[in-house]
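Enquirer: For the record, the sequence lines run as chains R and S. Okay, so the first sequence: first residue is 1 according to our numbering, each after it adds one. Okay, so the second sequence: first residue is 1001 according to our numbering, each after it adds one. Can you read through this structure? Questions will come right after.
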Amino acid sequence: MIVRISNEGQYRVDDGLHERLDALDNAAVAAVEAGDEDAFHEAFEELLQVVRSQGTALGDDDLEASDVILPPADLSFVEAGEEFTGDGLIPDAV
Amino acid sequence: MPGIGGRMSTVIKAKISRLLDRAEDPGETLDYSYQKQLESLQNVKKGIADVVTAKKRLQMQSQKLEQSVVKLDTQARQALSAGNEELARVALERKNVAQTELQSLDQQVAELEAQQEKLTDSEQKLRGKIEAFRTKKEVMKAQYSAAEAQVRISEAATGVGEEMADVGLAMQRAADKTEQMRARADAVAELEAAGTFDDLTTLGSGQDDIDRQLAQLSSSSQVDDELAKMKAELGQGSGGGESKQLEEGQGS
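Here is the structure:
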């Protein structure tokens, strides 16, 4: 599957990693909901690290759409909170 | 199966898709679609130029503040050598304010620098995708029937569109940052306009509003420490005021 890390690039990642990525993704959101900043950064950074280290970067001339899109690596805890309580990093379509 | 289950990526993906939906129909005629992509690329370039302008402005302010810090420090020494401890204190208070502003400016310049790099990188990627799209478009036109080519190109355009939405996101974040920096730069400019970093020798002795604010702003203990240190360097006991030497590093 193709995973995009926003503002960074796309990676081709083995489908087998899917569950692990989901678990980390959900852990990051759970940490945001629990107000646990450290846990959020831990889960989010590990998530990105798995994608970067296990995935193969797509070339600039690759025209594939992504299956998974992750937020930018410099997403702050505050931004993450806003993202999941409505008023997000990417504005909701009006 | 590449199903998408993570809650974070689901939210982000849905939002990116909505951004894409708002963009022009990727299935529109190939050449038109390509033209639109080129226009987007121009906007990205403009966005980068804006960030560079904001950064230069901050850098100039930062340089001015650096000069102010040096000048106020020198003036504090001069005032102290002349036995005017009050004036020296005011100079040091102002130096404190200038230093605090300087630190925050430098940090923001670094942040803008990072934004600029990221945007430049994004622009390059987008350019690559658009170029690939152009090539693919020509191949499709030659090899397939118009209808068939249209469908295949739609898929390719989605890939470019996603990249564009992503760059759009990066630009939006950069614009937010730039806006914050502008506010900060304006605040510094106001301090400048109020004469905070002006030549002290041209000031009257009266305490103005700024002086009072400054006194509150700067931790007076820090000023006291610096004043004491300066006195020691100048070889003064307790405000004697004989030494006029301003050399640095007279031993500690």
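Even glycine gets a Cβ: it sits at the ideal position worked out from N, Cα and C.
What is the DSSP secondary structure of Tyr1034/S, reduced to helix, strand or coil?
Expert: The residue you call residue 1034/S lines up with position 34 of the second sequence. Looking at Tyr1034/S - three-state DSSP - the assignment turns out to be helix.
Enquirer: If you draw a straight line from the C-alpha of Asp22/R to the C-alpha of Arg1007/S, how long is it?
Expert: Stepping through the first sequence from its first residue, residue 22/R is reached at position 22. Stepping through the second sequence from its first residue, residue 1007/S is reached at position 7. Here the alpha carbon of Asp22/R sits roughly 8 Å from the alpha carbon of Arg1007/S.
Enquirer: Leaving out five residues before and five after Gln1250/S in sequence, what residues of the same chain have Cβ atoms less than 6 Å from its Cβ?
Expert: Locating residue 1250/S in the second sequence gives position 250, where the first residue counts as 1. Note on Gln1250/S: pLDDT 46, under 50, position unreliable in the model; no value is reported.
Enquirer: Using a Cβ cut-off of 8 Å, pull out every chain S residue sitting near Phe77/R, in sequence order please.
Expert: Within the first sequence, residue 77/R is the residue found at index 77, counting from 1. Going along chain S, no residue has its Cβ under 8 Å from Phe77/R, so there is no contact; the nearest lies around 13 Å.
Enquirer: List the residues of chain S whose Cβ lies closer than 7 Å to the Cβ of Leu63/R, in chain order.
Expert: What you label residue 63/R is simply residue 63 of the first sequence in a count that begins at 1. Going along chain S in sequence order, the residues near Leu63/R (Cβ under 7 Å) are Lys1129, Ala1132, Phe1133, Lys1136, Ala1156, Gly1159 and Val1160.
Enquirer: Alpha carbon to alpha carbon, how far is Thr1178/S from Ser1017/S?
Expert: Position 178 of the second sequence, counted from the first residue, corresponds to residue 1178/S. Position 17 of the second sequence, counted from the first residue, corresponds to residue 1017/S. If you draw a straight line from the Cα of Thr1178/S to the Cα of Ser1017/S, it comes to about 26 Å.
Enquirer: Using a Cβ-Cβ distance under 7 Å, would Gly16/R count as near chain S?
Expert: As a working note, residue 16/R is residue 16 in the first sequence. No, Gly16/R does not count as interfacial toward chain S.
Enquirer: Quick check on this structure: which residue in Glu42/R, Pro71/R and Ala65/R has the alpha carbon closest to the alpha carbon of Met1/R?
Expert: Locating residue 1/R in the first sequence gives position 1, counting from the first residue. Comparing Cα positions, the closest option is Ala65/R.
Enquirer: Output, in chain order, the set of chain S residues within a Cβ distance shorter than 7 Å of Phe40/R.
Expert: Numbered from 1 along the first sequence, position 40 holds the residue referred to as residue 40/R. Here the premise fails: no neighbours, minimum Cβ distance about 10 Å.
Enquirer: Give me the Cβ distance between Val3/R and Leu24/R, rounded to the nearest whole Å; I'm assuming they're in contact under 8 Å.
Expert: Sequence index remark: in the first sequence, residue 3/R carries index 3 (1-based). Sequence index remark: in the first sequence, residue 24/R carries index 24 (1-based). Contact doesn't hold; Cβ gap of about 12 Å is too wide.
Enquirer: So Ile1016/S contacts chain R; which residues on that side make the cut at Cβ distance below 9 Å?
Expert: Counted from its first residue, the second sequence places residue 1016/S at position 16. Here the neighbours are Arg4, Ser6, Ser66, Ile69 and Ile90.
Enquirer: Does Ser1033/S pass the burial test, meaning 16 or more other C-beta atoms within 10 Å, or should it be called exposed?
Expert: Taking the first residue of the second sequence as 1, we reach residue 1033/S at position 33. Answer is buried; the Cβ neighbour count reaches 16.
Enquirer: Any Cβ of chain S within less than 7 Å of the Cβ of Ala34/R?
Expert: Sequence index remark: in the first sequence, residue 34/R carries index 34 (1-based). Closer than 7 Å: no.
Enquirer: In angstroms, rounded to a whole number, what distance separates the CA positions of Ala57/R and Val68/R?
Expert: What you label residue 57/R is simply residue 57 of the first sequence in a count that begins at 1. What you label residue 68/R is simply residue 68 of the first sequence in a count that begins at 1. Computed Cα separation, rounded: 14 Å.
Enquirer: Would you please state the rounded distance, in angstroms, between the beta carbons of Leu1092/S and Leu1227/S? I believe it to be under 8 Å.
Expert: By one-based count along the second sequence, residue 1092/S stands at place 92. By one-based count along the second sequence, residue 1227/S stands at place 227. Confirmed, about 6 Å.
Enquirer: Exposed or buried, which one is Val1139/S when buried takes at least 16 other CB atoms within 10 Å?
Expert: Within the second sequence, numbered from 1, the residue matching residue 1139/S stands at position 139. Flag for Val1139/S reads exposed.
Enquirer: Just list the beta strand (DSSP E) runs in the stretch 1-86 of chain R, keeping only unbroken ones of 3 residues or longer that don't cross its boundaries, in chain order.
Expert: 2-5, 9-12 and 68-70
Enquirer: Less than 7 Å between the C-beta atoms of Leu1119/S and Ala1187/S, yes or no?
Expert: Counted from its first residue, the second sequence places residue 1119/S at position 119. Counted from its first residue, the second sequence places residue 1187/S at position 187. No. Outside cutoff.
Enquirer: Can you have a look at Val1070/S and say buried or exposed, based on whether 16 or more other CB atoms are within 10 angstroms of its CB?
Expert: Walking along the second sequence from the start, residue 1070/S turns up at place 70. Val1070/S comes out exposed.
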